[in-house]
Amino acid sequence: MLKSSYRFFYILFLAGVMFSLLGGTLFHQPFQSASISALDMAGLHKPDIDSCDRRIDDILQWKDISEAWTMKVRTADSWKEYKEIFKVPDVKMQQHGFIGKYAYEPMVKTTMYWLRLSLFMFSFSFLFVAVIFQLIHGSLSLRRRVRALEVQMALIEGAMNVRA
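So this is what it looks like as structure tokens:
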């Protein structure tokens, strides 16, 4: 019973270490989804971040529109061109995503590293439990073998005493 349990804990230790070490490549998706859900529980929701990014993009679009208007004013030579100035210029909306790119994504990566490090450290508790179980198993096994040897020695001594 103890032998299978300490083997199980050794396997859990190896699985935890491998899972945490391969968390950046092979197991990237589970760690990323876990870190995103951890940030959601902390109150940093991705839709709120996207909403703030859209607001910033709207402000930047108005900046682009005002720059386009000033360029039209600078280059206008006639009355028709001045009439065209007061029409809203056709400016393409750009998706910058400043908060998502420079704040949210680094927080996701940092949370992923913390989760991987926590799993790595937690897997060592499995190693310690496995070593303790293996030591207990070895001690109990040694006691059993010593008792069996004592019984055999007592039988041999008893047989020697009967002959004498």
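Read left to right, the sequence shown gives residues 41 to 204 (our numbering).
Built from N, CA and C at the ideal position, the CB exists for glycine as well.
With respect to the C-alpha of ARG94, the residue from PHE53, GLY140, ASN201, ASP117 having the closest C-alpha is GLY140. PHE162 and MET152 have their alpha carbons spaced roughly 15 Å apart. A distance below 8 Å between beta-carbons, with the five flanking residues on each side excluded, links LEU167 to the following residues of its chain, in chain order: PHE49, TYR50, PHE53. In terms of Cβ geometry, GLN101 and MET133 form a close pair [threshold 8 Å]. For LEU167, the uninterrupted alpha helix (DSSP H) run begins and ends at 145-203, by DSSP. For ALA199, the number of other beta carbons within 10 angstroms of its own is below 16, and it is reported as exposed. Residue environment for SER60: buried (at least 16 other C-beta atoms within 10 angstroms of its C-beta).
Cβ contact annotation for HIS177 (same chain, cutoff 7 Å, sequence separation greater than five): LEU42, LYS43, TYR46, in chain order. Annotation: the continuous alpha helix (DSSP H) that includes ASP90 extends over 86-115.
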